[in-house]
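Written below as structure tokens is the structure these notes are about.
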Amino acid sequence: MTNQPTLPTTRAFIAGPKRMLINGEWHDSATGETIEVLNPADGSVLCRVPNANETDIDRAVQAARRAFDDSAWSRMKPTDRERLLLRAADAIEASAREFAEIEALDNGKSAAVAEALDVTMAAQCFRYMAGWATKIEGSTVDAAIPYSPSNAYFGYTRKEAVGVVGAIIPWNFPLLMAAWKLAPALAAGCTVVLKPAEDTPLSALRLGELLQETGFPAGVVNIVTGYGRTAGAALAKHPGLDKIAFTGSTPTGKAIGHAALDNMTRMSLELGGKSPVIVLPDVDIDKAAEGVANAIFFNSGQVCTAGSRVYVHDKVFDRVMERVASIADSMKLGPGLDPSTQIGPLVSARQLDRVLGYIDAGQTEGARTIAGGGRGEGAGFFVKPTVLVDTDHSMRVVREEIFGPVLVAMRFNDLDTVVKQANDTPYGLGASIWSNDLSAIHKLIPRIKAGTVWVNCHSLLDNAVPFGGFKQSGFGRELGRAALDMYTETKSVLINHA
Ligand code: ADP
Numbered sequence: 001m002t003n004q005p006t007l008p009t010t011r012a013f014i015a016g017p018k019r020m021l022i023n024g025e026w027h028d029s030a031t032g033e034t035i036e037v038l039n040p041a042d043g044s045v046l047c048r049v050p051n052a053n054e055t056d057i058d059r060a061v062q063a064a065r066r067a068f069d070d071s072a073w074s075r076m077k078p079t080d081r082e083r084l085l086l087r088a089a090d091a092i093e094a095s096a097r098e099f100a101e102i103e104a105l106d107n108g109k110s111a112a113v114a115e116a117l118d119v120t121m122a123a124q125c126f127r128y129m130a131g132w133a134t135k136i137e138g139s140t141v142d143a144a145i146p147y148s149p150s151n152a153y154f155g156y157t158r159k160e161a162v163g164v165v166g167a168i169i170p171w172n173f174p175l176l177m178a179a180w181k182l183a184p185a186l187a188a189g190c191t192v193v194l195k196p197a198e199d200t201p202l203s204a205l206r207l208g209e210l211l212q213e214t215g216f217p218a219g220v221v222n223i224v225t226g227y228g229r230t231a232g233a234a235l236a237k238h239p240g241l242d243k244i245a246f247t248g249s250t251p252t253g254k255a256i257g258h259a260a261l262d263n264m265t266r267m268s269l270e271l272g273g274k275s276p277v278i279v280l281p282d283v284d285i286d287k288a289a290e291g292v293a294n295a296i297f298f299n300s301g302q303v304c305t306a307g308s309r310v311y312v313h314d315k316v317f318d319r320v321m322e323r324v325a326s327i328a329d330s331m332k333l334g335p336g337l338d339p340s341t342q343i344g345p346l347v348s349a350r351q352l353d354r355v356l357g358y359i360d361a362g363q364t365e366g367a368r369t370i371a372g373g374g375r376g377e378g379a380g381f382f383v384k385p386t387v388l389v390d391t392d393h394s395m396r397v398v399r400e401e402i403f404g405p406v407l408v409a410m411r412f413n414d415l416d417t418v419v420k421q422a423n424d425t426p427y428g429l430g431a432s433i434w435s436n437d438l439s440a441i442h443k444l445i446p447r448i449k450a451g452t453v454w455v456n457c458h459s460l461l462d463n464a465v466p467f468g469g470f471k472q473s474g475f476g477r478e479l480g481r482a483a484l485d486m487y488t489e490t491k492s493v494l495i496n497h498a
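So for the sequence shown, the UniProt record's numbering puts the first residue at 1; every next one is plus one.
This is the structure in structure tokens:
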């Protein structure tokens, strides 16, 4: 079992000093305080990062404001913004293995998966958004003002960068979430203060180094590290922000939303989920079971769209769930840097306690465990992939977001019942349907209240396809053309040319 990075550059980065990027320079926190960053595979201390407070946040927001107003950025040609974003994409790709190793050490995830997925998607996000920098368009309007005798009006709209963006991101896909926030904001011409999660700040700091080398003007991208309740809260309530973009849990999203509303700061919130997976009776049992297992166990279940509730038609329930349980039992737990690892540790001791607490609660409420059901071996924050059956909608494990490798399974007999069950949740982020019955699939899609419905796949993302939630899973859409709307304001112009 290996838990060591192979690249000298990764080792040098982990061992080197960690400072925050403010106004193009690297700074310690105002107080000099730091936060320990742990390796979740063994609980050891990897390094320390600055613990930002309100003063640091204020400096970063002011730097972003000056950069937004400065002509080096505000008058930069869209083609030049595009070129910078394309360079950023190339730089991420050139450091793909290093980023993957950093993510494995900091978050616990498989380096192989991180390289293929997180890093590739992050680079592609910069590349995709680079294209939009030159395609931000308003529209023209033939204005005909009813109470004016003149017919000599011309109207048009401009899409203008919203301004200074505060971005607060979670720990489950640290680099990818940084890319989802930075790339569209920069394409639109905004400046950004990014706060990564305290559990996983490292890839954002490394990305900051690359973006500096890429040539973004000082202050356009600022990266501050700190706790949510201090640095995050100070950022969310800072009156100098024009927009806050958050990805994380629903309770934290609500707190951020309240703080933002006091200043009328624009906000987009990508929050929690409890995504249903619906398996119809016509499926190939093995393929469906593999899909169900991947939907929940990918990234150790630490995915906002994780398929954490499965509804399987009564005709195939026993066979599908038996197979899912055997996949769960066969998965190899280990550190993300070990190429044979199939399921890494959870990110932190806090998450470990939380997830184990849910498994206990489910068992106490009467659920039956058919796979896993407890902590994995070793000092790391491992939880065995767990499958609970005999569950129902009165149980906390069915109603609440667990954010770990825990699946609850329920039976259904007809589409009306499964629609009711699938929608019986405050969340509405994702859902998947497993079937080849086109008629049933098309009956279900419009009735499922979720921002994304996958068919015969789950949690797949494409930079061109908008992503976001219904209900308490948030507001706004990331990715695709829709992302640009979140970082631009519409200005209407009416000209009287009589
Ligand atoms: P978790 O509870 O799993 O850590 P959160 O949604 O609380 O998930 O965390 C996601 C991000 O939100 C992190 O960057 C965290 O530091 C930040 N955060 C947590 N609490 C607050 C808060 N009150 N205000 C602003 N940001 C916060």
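Each residue gets a CB set at the ideal place from its N, CA and C atoms; glycine is no exception.
Discussion item. Check whether the stretch 188 to 204 and the stretch 223 to 238 are in contact - that is, three or more C-beta pairs closer than 8 Å.
Written reply: yes
Practice prompt. Mark residue 124 as exposed unless 16 or more other C-beta atoms lie within 10 angstroms of its C-beta, in which case mark it buried.
Written response: buried
Worksheet item: What is the rounded straight-line gap between the Cα of residue 494 and the Cα of residue 481?
Response: Their Cα atoms are separated by approximately 26 Å.
Worksheet item: How should residue 4 be labelled, buried or exposed, when 16 other C-beta atoms within 10 angstroms of its C-beta is the threshold for buried?
Response: exposed
Worksheet item: Span of the alpha helix (DSSP H) holding residue 91?
Response: Its alpha helix (DSSP H) spans residues 78 to 94.
Worksheet item: How about residue 483: is its C-beta nearer than 8 Å to some C-beta of chain D?
Response: Annotation note: the requested chain D is absent from the structure, which comprises a single protein chain.
Worksheet item: Is the stretch 203 to 218 touching the stretch 20 to 27, taking contact as three or more C-beta pairs under 8 Å?
Response: Touching, yes.
Fill in: Rounded separation between residue 104 and residue 144 - CA only
Going by the C-alpha atoms only, they are around 60 Å apart.
Worksheet item: Among 436, 73, 490, 472, which has the Cα closest to the Cα of residue 282?
Response: 436
Discussion item. So, at 6 Å on beta carbons, what are the nonlocal neighbours of residue 277 in its own chain, with the 5 sequence-adjacent residues on each side left out?
Written reply: 292, 295, 307, 310, 432
Discussion item. If I measure Cβ to Cβ from residue 483 and keep anything under 6 Å in the same chain, skipping five residues before and after, which residues do I get?
Written reply: 184
Worksheet item: Would DSSP call residue 402 helix, strand or coil?
Response: Looking at residue 402 - three-state DSSP - the assignment turns out to be coil, as it is neither helix nor strand.
Worksheet entry | Cutoff 8 Å; reference residue 419; Cβ partners in own chain excluding five residues on either side | The beta carbon of residue 419 is closer than 8 Å to those of 444, 447, 448 in its chain, skipping five residues each way along the sequence.
Worksheet item: Alpha carbon to alpha carbon, how far is residue 128 from residue 463?
Response: The alpha-carbon atoms of residue 128 and residue 463 are separated by roughly 7 Å.
Worksheet item: Below 8 Å between beta carbons: does that hold for residue 347 and residue 488?
Response: No Cβ-Cβ contact shorter than 8 Å links residue 347 with residue 488.
Worksheet item: Is it the case that the CB of residue 195 approaches a heavy atom of the ligand ADP more closely than 7 Å?
Response: yes
Worksheet entry | Assigned secondary structure, residue 496 (DSSP; H/G/I helix, E/B strand, else coil) | strand
Item to complete: Taking the CB atoms as reference points, tell me whether residue 40 and residue 107 lie closer together than 8 Å.
Response: yes
Discussion item. For the structure I just gave you, are there three or more beta carbon pairs, one from the stretch 402 to 422 and one from the stretch 377 to 392, closer than 8 Å?
Written reply: Counting Cβ pairs under 8 Å, three or more are found: they touch.
Worksheet item: Got a sec, what are the start and stop residues for the beta strand (DSSP E) residue 267 sits in?
Response: It spans 266 to 270 - the beta strand (DSSP E) in which residue 267 sits, taken as one unbroken run.
Practice prompt. Report, in whole angstroms, the separation of the C-beta atoms of residue 91 and residue 214, which I expect to be a contact under 8 Å.
Written response: In this structure residue 91 is in contact with residue 214, their Cβ atoms being roughly 6 Å apart against a cut-off of 8 Å.
Worksheet item: Between which two residues does the alpha helix (DSSP H) carrying residue 184 extend?
Response: 174 to 188
Worksheet item: Where residue 44 and residue 111 are concerned, what is the direct C-alpha to C-alpha distance, given to the nearest angstrom?
Response: Roughly 18 Å between the two C-alpha positions.
Discussion item. Give me, in chain order, the residues of the same chain whose beta-carbon lies closer than 6 Å to that of residue 208; leave out the 5 immediate sequence neighbours on both sides.
Written reply: Spatial neighbours of residue 208 in its own chain (CB-CB distance under 6 Å, excluding positions within 5 residues in sequence) are listed in chain order as 21, 223.
Fill in: Bounding residues of the beta strand (DSSP E) (the contiguous stretch that carries residue 47)
From DSSP, the beta strand (DSSP E) with residue 47 extends over 45 to 50.
Fill in: Nearest neighbour of residue 461, chosen from 157, 477, 229, 410 [CA to CA]
Answer by Cα proximity: 477.
Fill in: Enclosing alpha helix (DSSP H) for residue 148 [first to last residue]
Segment: none, residue 148 is in no alpha helix (DSSP H) and carries neither H nor E.
Discussion item. Contact defined as beta carbons within less than 8 Å: I believe residue 52 pairs with residue 29. What is the distance between those atoms, to the nearest angstrom?
Written reply: 5 Å
Discussion item. Run through the DSSP bridge pairs and tell me what residue 313 is partnered with.
Written reply: 412
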